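Its first residue numbered 546, the sequence shown is counted upward by one per residue in the numbering used here.
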Amino acid sequence: MLSRRRLLLTGSAALILTPAMASAQGQAEWSQNYEAVSRSRVQRTSTPILSPETVATTEQMIQRYRDIASRGGWPSVRGTEGLRVGSNGPAVGLLRQRLIVTGDLDPNAGDSPIYDSYVEAAVRRFQARHGIGATGSMNSTTVAAMNVPADIRARQLEINLVRLRTYSGNLGGRYVITNIPAALVETVEGGQVHTRHAAGVGKIDRQSPLLNSKVVEINFNPFWTAPASVVKKDLIPKMQKEPNYLTENKIRIFNGAGQEIPSSQINWFSDEATRYRFRQDPGGDLNSMGYVRINIPNPHGVYMHDTPSKGIFGDDFRFVSSGCVRLQNIRDYIEWLLKDTPGWSREQIDATFKSGDRIDARLSTAVPIYWVYVTAWATPDGLVQFRDDIYNKDGLGGSIPVASRTPTEPDQEMFLQN
546 MLSRRRLLLT
556 GSAALILTPA
566 MASAQGQAEW
576 SQNYEAVSRS
586 RVQRTSTPIL
596 SPETVATTEQ
606 MIQRYRDIAS
616 RGGWPSVRGT
626 EGLRVGSNGP
636 AVGLLRQRLI
646 VTGDLDPNAG
656 DSPIYDSYVE
666 AAVRRFQARH
676 GIGATGSMNS
686 TTVAAMNVPA
696 DIRARQLEIN
706 LVRLRTYSGN
716 LGGRYVITNI
726 PAALVETVEG
736 GQVHTRHAAG
746 VGKIDRQSPL
756 LNSKVVEINF
766 NPFWTAPASV
776 VKKDLIPKMQ
786 KEPNYLTENK
796 IRIFNGAGQE
806 IPSSQINWFS
816 DEATRYRFRQ
826 DPGGDLNSMG
836 YVRINIPNPH
846 GVYMHDTPSK
856 GIFGDDFRFV
866 SSGCVRLQNI
876 RDYIEWLLKD
886 TPGWSREQID
896 ATFKSGDRID
906 ARLSTAVPIY
916 WVYVTAWATP
926 DGLVQFRDDI
936 YNKDGLGGSI
946 PVASRTPTEP
956 DQEMFLQN
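As structure tokens, this is what we get:
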């Protein structure tokens with residue numbers, strides 16, 4: 546899932562150092578690494594994932610991957626987990642061959658058994674294309690992704706081409722794309738990506754739905770009303786263990802007549818609590834929606850919002866919500882949404898955040914938004930992207946392993962589901 550990572554291409558030549566030479570030529574290795582990275586930096590494409598250009602390039606890459614498969618595919622990498630710069634052995638040579646087949650490593654980078662900076666840059670590029678943290682070192686997630694056969698990857702591209710074609714028409718002059726498997730949001734204007742935002746999307750058992758809607762309103766400093774599923778699965782178990790939990794998190798309980806009910810009057814070891822409404826007071830540091838909620842009318846009751854748990858955006862695996870979508874750098878997002886709405890400059894937006902006042906901003910013109918499920922696509926810059934089929938919608942069964950990754954802040958996600 547994309548964080549602010551770099552996509553790296555490989556350099557044209559490798560400086561091979563033996564272990565004995567390494568200590569004597571440390572500065573040369575540093576220079577090699579610096580030059581490889583600086584030469585191989587790739588700017589992120591401005592082409593939206595939903596665009597005719599993406600469709601055309603994906604069609605081309607399907608043929609390329611079919612050709613690779615017809616020639617026997619790529620070699621499996623074995624014994625490579627834990628390899629990093631400076632590693633030495635025959636497994637590095639096998640890794641080089643694997644990276645060359647998919648264009649992540651230049652064929653002229655040499656066949657040395659040394660894991661040099663060119664191999665590291667190629668691994669970073671591969672990891673970035675697969676939504677894996679671009680560390681440049683080999684880990685189990687990277688090994689699993691490399692060992693998916695070429696014919697399966699070709700089939701994955703074919704399946705997703707059908708999805709891309711569905712959205713190849715006129716989506717609007719300004720629109721938003723949420724690609725759920727990539728946990729990524731794009732704002733698009735004039736056929737070009739304006740901003741990108743890492744996102745937190747629905748868990749496997751609480752999936753974000755596919756939908757076409759419009760952004761109509763921004764709610765600043767909102768209340769949060771807990772969905773019934775969160776009350777049952779999260780709040781009741783939490784209150785059984787920590788009786789002061791609701792009070793500490795500024796969550797109030799109301800009956801059907803709108804009267805506030807003390808938590809001490811509820812039997813938390815029964816289903817009594819499910820008959821009440823749970824509402825959290827505004828406040829970006831505690832409120833599950835942070836400082837802002839973005840309303841998108843839909844039959845699923847989902848929306849987009851800020852979050853106090855900013856740490857999730859540094860994770861590769863961002864399937865953490867009850868179906869709603871959390872956004873990184875949300876001020877940039879709402880500034881773009883409100884750019885044509887009078888009275889909502891960036892200064893006014895920042896002041897409203899700071900004030901804590903409950904204010905709603907209705908967009909002058911609603912902005913179309915599309916929540917889609919695309920696990921494989923290609924962009925005009927030649928990069929082929931793959932993501933985990935987290936909701937098992939590709940129909941490829943266990944052919945593509947879904948990485949077992951968890952958020953870094955599980956305790957903070959107890960009731961912050963939306």
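Backbone N, C-alpha and C define an ideal beta-carbon position, used for all residues, glycine too. Fair warning: this is a prediction, and the values are worked out from it, not measured in the lab.
Exercise for the section: Quick one: grab the DSSP three-state call for residue 881. Expected result: Three-state DSSP puts residue 881 in a helix.
Exercise for the section: Check whether the Cβ of residue 775 lies closer than 9 Å to any Cβ atom in chain C. Expected result: The chain inventory of the structure shown lacks chain C, comprising one protein chain alone.
Handout entry: Cβ neighbour criterion (16 or more within 10 Å) applied to residue 707
Key = Classification of residue 707: exposed, given that the 10 Å Cβ count is below 16.
Exercise for the section: Can you tell me which of the three DSSP states residue 521 falls into? Expected result: Summary: the structure shown does not reach residue 521, with the chain confined to residues 546 through 963, and so no result is reported for it.
Practice task
Could you pull the start and end residues of the alpha helix (DSSP H) that residue 687 belongs to?
Solution key: Boundaries of the alpha helix (DSSP H) harbouring residue 687: 685 to 691, taken from the DSSP string.
Problem - Simplified DSSP assignment, three categories, for residue 638 - result: Residue 638 falls in the helix class under three-state DSSP.
Exercise for the section: Can you say whether residue 681 is buried or exposed, counting buried as having 16 or more other CB atoms within 10 angstroms of its CB? Expected result: Classification of residue 681: buried, given that the 10 Å Cβ count is 16 or more.
Problem - Between the CA atoms of residue 924 and residue 799 - distance to the nearest angstrom - result: Taking the straight line joining both Cα atoms gives about 51 Å.
Problem - Sequence-distant residues of its chain with Cβ nearer than 7 Å to residue 813 (five each side left out) - result: Same-chain partners within the cutoff: 781, 784 and 785.
Practice task
Please report the residue range of the beta strand (DSSP E) in which residue 839 lies.
Solution key: Here the beta strand (DSSP E) through residue 839 covers 837 to 840.
Problem - Burial state of residue 667 (16 or more Cβ within 10 Å) - result: Note on residue 667: 16 or more other CB atoms within 10 angstroms of its CB, so buried under the neighbour-count rule.
Practice task
Below 7 Å CB to CB, which residues in the same chain sit around residue 643 once its five sequence neighbours on both sides are set aside?
Solution key: Cβ neighbours of residue 643 beyond the five flanking positions: 619, 620, 622 and 691.
Practice task
Tell whether a beta-carbon distance below 9 Å holds between residue 660 and residue 615.
Solution key: No, the Cβ-Cβ distance between residue 660 and residue 615 is not below 9 Å.
Problem - Bounding residues of the alpha helix (DSSP H) (the contiguous stretch that carries residue 941) - result: Run containing residue 941: none; DSSP gives neither H nor E here.
Practice task
Give me the Cβ distance between residue 756 and residue 843, rounded to the nearest whole Å; I'm assuming they're in contact under 8 Å.
Solution key: The C-beta distance from residue 756 to residue 843 rounds to 5 Å, short enough to fall under 8 Å.
Problem - Cross-strand partners of residue 851 (DSSP beta bridge) - result: Residue 851 pairs with nothing; no bridge assigned.
Handout entry: Cross-strand partners of residue 731 (DSSP beta bridge)
Key = In DSSP, residue 731 forms a bridge with 722 and 741.
Problem - CA nearest to the CA of residue 908, picked from 797, 898, 893 and 763 - result: When the alpha-carbon of residue 908 is set against those of 797, 898, 893 and 763, the nearest one is in 763.
Handout entry: Given residue 903 as reference, the closest of 759, 716, 636 and 767 once Cα atoms are compared
Key = Per the Cα distances, 767.
Handout entry: Local Cβ density within 10 Å of residue 665, reported as buried at 16 or more and exposed below that
Key = Residue 665 comes out buried.
Handout entry: Rounded straight-line distance, which links the Cα of residue 593 to that of residue 634
Key = Between residue 634 and residue 593, the alpha-carbon positions lie close to 41 Å from each other.
Handout entry: residue 728 and residue 745 closer than 9 Å at C-beta
Key = Yes, the pair counts as a contact, with Cβ atoms nearer than the cut-off.
Problem - Beta-carbon spacing of residue 742, residue 873 below 9 Å - result: If you check the CB distance, residue 742 and residue 873 come in under 9 Å.
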